[in-house]
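Read the structure below first, then the notes.
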């Protein structure tokens, strides 16, 4: 038996732009146990709902995380709209779907880049982000923001996208998809990438379910759960199915995301083809009363918003269960027994978003 | 607009571990645990099976902030339960992997125990 | 004797210039491969000069001593090589330099440095057999361990030792600290060990490390040149080609783990190197 | 000597940002913005860094880490606070767990506004900080490099 040492991983660590701290108990280069300590980015955001107007809170909800930003505000708005029994215009629903699929592509591309960086494949990182940057241009053109969109509000969306802009965006997306296809090929076929991901960090199906994994982490272990199956917004009118992989290793989680990007391109095309004219927002009637859980699928997995209102303009309780929070227990499980050099890759394959997790 | 129908069950905290144990055996997935505290503690446990969304509601008095842990059935609950210990000052009994109130390090102890202000503060904000 | 002295003087003065320029060209080429413009060609010199001006934090007294020793042994190693001396001595000095570097990292308290030092030693274990095989191969083919004897013999070493040459290219990737084998300290920051062995160095001692690395690169390219020494101009071209090939490889691979590194280097040494030597031994009887 | 201007090495730390600013900081390294043109390298190691680029507000838990990172950086050094949260706490300034901007803990030389801060603004802020870095380097040299290091206020 080797000597046990503890290697601190984070909070300031070049592999993760975000601070999370893991104490890795090591035997030589093998990780025996990983102990997390969190709270570096805890901002007490849930509590702020008690002080802010519920409509204003949509913009704070968007700032739970700057990567899943749009879907955060969309989920919050859907939860409030459920309390208000508010039917929002079809066009707004379609625009929300288009934007949330755009943010899924942008988030997954970002993830691909960071992962490539984690196993020392710098040029792949650069190229993933080069493609992502073009998508951000489209997001900026349609919504006005690059990472924080600021377009979702209770009762609909804040701005419409005219037909000409939408047409140009679709053209640009097609070009983008072709460029992305090359990168996806490297991730799924390159031998050195495979060597760093295949068979590493295996999460068996039973463990994934029992530990409460969500999103690509769950689907990479062969469970076909995707919250979009609840058919919120207009997902019920689009043709798609959850993407799963069976192996449960890093490679499987990566492949799920790679295929989901293609799926998102397709969903955007479908939505843009079906979108109808009309208003993009309705007036908000009164204040929310009652309680509701709204579930959505973020790039990182299922997110749950709990809202409880008492008829005043401040919510009584606002709670977000973000995908990364749910994926922490599975992460600790798959870190046990891995090599130190695999730690960054394994940590990244759950696509950790610490600012989501700690709020 | 409602997205999905939601099912509720209210039960006593003493009955919680047994009920959760049954759910675990039936293959339900733990979706989330949400604590709140206004007049009394109210903890909501949500589960999902075959797209059916079930929430258990456990309520008890503020004077007795003790709750049995469900980490026996769902190990993944440790993060939620540690969070509740920090934010609400609850005491979880039988918690596997207990950070003893140090999961988050906060500027203020148990910040969620405060009752919310009846009226919103003026714009510009008052820090608490 | 005169040429030997000239070789040493040239090594001491020209090698860092060449090495720095190569490093600059490396960064530009890498950037272009990644779809970027990249820094100016002289960037490595700017970096080193800046580090020289920077105030260095010292963790302990030994740390800088080891770094100076590393620098000195790299210099000595190259001086022996370019003076036309004994290849075995060159390798020995280079190995000692590596040991000094690992000891320096080991003398600090940072766990990243410690793991970096361990990996540096593992890397040495990985490349050392092949390096020695290369020297033995040159001896078998050229009947000498002396660089000037080998260089002036006119024997096309690369043609007699193709397997050894390929094996040498593989370990060159380790020595140049390039992907897939940049385990102990990568040029690119984003890895699990922060900066590996150089994590605890700053200011002038870090500048020394950078400059020593330039020297080291030139020395390694000198080895490549030796394979082609029957035609010196071709040798220079080959050395440059090899260097830029390594840059491309760096950009086309992920970083592998230490187990794979050691295995790959040993298999290469065993198959490419040993087979080649056996063939040479039989044919040149 | 003008080499600080030519070779600024950068350390990025996310204090308690929402990620929006952080991914924009990373975007600066990538092909569209490519800050390596200016010799800027994201080192990830405080001991190698000249510029500390911080995003997000300070809270109790990361206060010490920010101070630590700043302390580990050898002189001369500058601090760039990028984004609304790093400047003042941003939308989170009312929260119980947020102390406020970075300047509550360490001295800040350049403030870059934005929520999220745009890559162009980050580059501009970093380039402006270079003049300050140069001035500090000159000052350090005048004092013979043996003067007292700057104390965080």
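Residue numbers (the numbering used here), protein chains in the order written: chain X, 1 to 359; chain P, 1001 to 1128; chain U, 2001 to 2285; chain R, 3001 to 3153.
All C-beta atoms in this analysis are idealised placements derived from N, C-alpha and C, irrespective of residue type, glycine included.
Since the model is a prediction, treat every value here as computed from it, not as a measurement.
Buried versus exposed, by CB contacts within 10 Å (16 or more), residue i
i: residue 2198 of chain U; result: buried
i: residue 360 of chain X; result: This structure does not reach residue 360 of chain X, given that chain X is present from 1 up to 359, and the question cannot be answered.
i: residue 2050 of chain U; result: buried
i: residue 276 of chain X; result: exposed
i: residue 279 of chain X; result: exposed
i: residue 121 of chain X; result: buried
i: residue 6 of chain X; result: exposed
i: residue 251 of chain X; result: buried
i: residue 283 of chain X; result: exposed
i: residue 2034 of chain U; result: buried
i: residue 1066 of chain P; result: exposed
i: residue 47 of chain X; result: buried
i: residue 314 of chain X; result: buried
i: residue 3059 of chain R; result: buried
i: residue 1061 of chain P; result: exposed
i: residue 323 of chain X; result: buried
i: residue 285 of chain X; result: exposed
i: residue 22 of chain X; result: buried
i: residue 2037 of chain U; result: exposed
Length of the line joining the Cα atoms of residue i and residue j
i: residue 2010 of chain U; j: residue 3047 of chain R; result: 34 angstroms
i: residue 1053 of chain P; j: residue 1046 of chain P; result: 7 angstroms
i: residue 2074 of chain U; j: residue 2094 of chain U; result: 6 angstroms
i: residue 212 of chain X; j: residue 1028 of chain P; result: 10 angstroms
i: residue 37 of chain X; j: residue 1097 of chain P; result: 12 angstroms
i: residue 1059 of chain P; j: residue 3097 of chain R; result: 27 angstroms
i: residue 2278 of chain U; j: residue 2163 of chain U; result: 11 angstroms
i: residue 2062 of chain U; j: residue 2114 of chain U; result: 15 angstroms
i: residue 253 of chain X; j: residue 245 of chain X; result: 7 angstroms
i: residue 188 of chain X; j: residue 75 of chain X; result: 32 angstroms
i: residue 3112 of chain R; j: residue 1009 of chain P; result: 51 angstroms
i: residue 2143 of chain U; j: residue 2066 of chain U; result: 36 angstroms
i: residue 192 of chain X; j: residue 2171 of chain U; result: 17 angstroms
i: residue 2026 of chain U; j: residue 63 of chain X; result: 40 angstroms
i: residue 133 of chain X; j: residue 3094 of chain R; result: 33 angstroms
i: residue 2274 of chain U; j: residue 2128 of chain U; result: 14 angstroms
i: residue 295 of chain X; j: residue 3068 of chain R; result: 40 angstroms
i: residue 2167 of chain U; j: residue 1077 of chain P; result: 53 angstroms
i: residue 2133 of chain U; j: residue 2269 of chain U; result: 7 angstroms
i: residue 2104 of chain U; j: residue 2064 of chain U; result: 7 angstroms
Close-in-space but distant-in-sequence residues of the same chain around residue i (CB under 6 angstroms, 5 per side omitted)
i: residue 271 of chain X; result: 94, 97, 98
i: residue 145 of chain X; result: none
Beta-carbon proximity list for residue i, same chain, < 7 angstroms, skipping 5 on both sides
i: residue 118 of chain X; result: 15, 344, 345, 348
i: residue 1019 of chain P; result: 1011, 1056
i: residue 3027 of chain R; result: 3033, 3119
i: residue 177 of chain X; result: 265
i: residue 220 of chain X; result: 245, 248, 252, 253, 256
i: residue 2043 of chain U; result: 2024, 2027
Residue i CB to nearest heavy atom of the ligand ATP below 7 angstroms
i: residue 254 of chain X; result: As for the ligand ATP, it is missing from this structure, which has no ligand bound.
Contacting residues, own chain, Cβ-Cβ under 8 angstroms from residue i (five flanking each side not counted)
i: residue 200 of chain X; result: 249, 250, 251, 338, 342, 345, 346
i: residue 1110 of chain P; result: 1086, 1087, 1088, 1089
i: residue 289 of chain X; result: 83, 309, 310, 311
**Item:** Positions along the segment 254-272 of chain X whose CB lies within less than 9 angstroms of some CB in chain U
**Value:** Correct list: empty, as no residue qualifies.
**Request:** Residues of the segment 2012-2037 of chain U with a CB closer than 8 angstroms to any CB of chain R: list them in chain order, please.
**Result:** For chain R, the residues of the segment 2012-2037 of chain U that bring a beta carbon within less than 8 angstroms of one of its beta carbons are 2027, 2031, 2034, 2035, 2036, 2037, in chain order.
**Request:** Pull out every residue of the segment 1014-1032 of chain P whose Cβ sits closer than 9 angstroms to any Cβ of chain X, in chain order.
**Result:** 1024, 1027, 1029, 1030, 1031, 1032
**Within 9 angstroms of chain X by C-beta, residues of the segment 2259-2276 of chain U in sequence order** = Look at the segment 2259-2276 of chain U: the residues with a C-beta under 9 angstroms from a C-beta of chain X are 2259, 2260.
**Item:** Three-pair Cβ contact test at 8 angstroms for the segment 3048-3067 of chain R versus the segment 3005-3021 of chain R
**Value:** yes
**Item:** Segment contact, 8 angstroms Cβ cut-off, at least three pairs: the segment 132-142 of chain X with the segment 51-66 of chain X
**Value:** no
**Message:** Tell me which residues of the segment 194-213 of chain X have at least one Cβ-Cβ distance to chain U shorter than 7 angstroms, keeping chain order.
**Reply:** 195, 196
**Message:** I'd like to know if the segment 2250-2257 of chain U and the segment 2110-2124 of chain U are in contact, where contact means that at least 3 CB-CB pairs between them fall below 8 angstroms.
**Reply:** no
**Prompt:** Is the number of C-beta pairs between the segment 98-109 of chain X and the segment 2013-2029 of chain U that are closer than 8 angstroms three or more?
**Reply:** Of all C-beta pairs linking the segment 98-109 of chain X to the segment 2013-2029 of chain U, fewer than three are shorter than 8 angstroms, placing the two stretches out of contact.
**Prompt:** Does the segment 170-186 of chain X come close enough to the segment 225-244 of chain X to have 3 or more Cβ pairs within less than 8 angstroms?
**Reply:** no
**Item:** Residues within the segment 3098-3132 of chain R neighbouring chain X, beta-carbon criterion of under 9 angstroms
**Value:** 3098, 3115, 3116, 3118, 3119
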